[in-house]
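Undergrad:
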Amino acid sequence: MWRELYTSACADSAVTPRGELLALEGGTVRLCGNTFGRFHQRVTDDEVVALSETCARLPLVAELHLEYNEVSSRGATALADAMRNGFRSLQYLDLSHNAIDAEGANALAAAATTHEALSTLLLRSNPIGGACGPFMEKLLQSDDRGQQ
């Protein structure tokens, strides 16, 4: 089921499915762009859109490691949309060292505020700036995702 959904989402996003995702049976996805094997094959926004659509329809992934890739606010927003629309299994999300600005960080913070399973959201070394302060503040102040 996963393979078919992921392949279809990749076709919709006009990207080639990654072998390690085609073989996924759940749990952890590690697509870190700073490894020798992936340095010239970093994850793009289009790939994140396909992965997000798949995870929203079949939430098997608990940990998603996408640090050191080419993910911008477009990819971050796709993940946030998936988190609000079915991707309830996500517990750990690392998007460090990408190209996510305040728009993407705000979308992720808003989605994380009501996402009961997510316990870790890493966004270090992204060009977020100060425009996401209120959204991050709300996320940090929330107890039990949405309960002030």
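According to this note's numbering, the residues represented by the sequence shown are 137 to 284, in order. Beta carbons are placed, not taken as given, at the ideal position from N, Cα and C, and that holds for glycine.
#1: Note down, in chain order, each residue of its chain lying with its Cβ closer than 6 Å to the Cβ of residue 272, except the 5 sequence neighbours on either side.
#2: In the structure shown, what three-state DSSP assignment does residue 204 receive?
#3: How far does the beta strand (DSSP E) with residue 256 in it reach, from first residue to last?
#4: Using DSSP's beta-bridge definition, name the partner residues of residue 180.
#5: Considering only DSSP beta bridges, list what residue 229 is partnered with.
#6: Taking the alpha helix (DSSP H) that residue 292 belongs to, which residues open and close that run?
#7: First and last residue of the alpha helix (DSSP H) that includes residue 162?
#8: Taking residue 149 as part of the alpha helix (DSSP H), name the residues at either end of that continuous run.
#9: Okay, do the region 176 to 188 and the region 198 to 207 touch, 3+ Cβ pairs below 8 Å being the bar?
#10: Give the range of the alpha helix (DSSP H) segment to which residue 239 is assigned.
#11: Which whole-angstrom value is the C-beta distance of residue 294 and residue 240, which I expect to be below 8 Å?
TA: Quick look at the numbers:
#1: 245
#2: coil
#3: 256 to 258
#4: 206
#5: 200, 257
#6: In this structure the chain extends from 137 to 284, so residue 292 is not present and cannot be described.
#7: Unbroken run through residue 162: none, as it is neither H nor E.
#8: 138 to 149
#9: Per the Cβ contact rule, the region 176 to 188 is in contact with the region 198 to 207 (3 or more Cβ pairs under 8 Å).
#10: 238 to 249
#11: Because the chain is modelled from 137 through 284, residue 294 falls outside the range shown and cannot be assessed.
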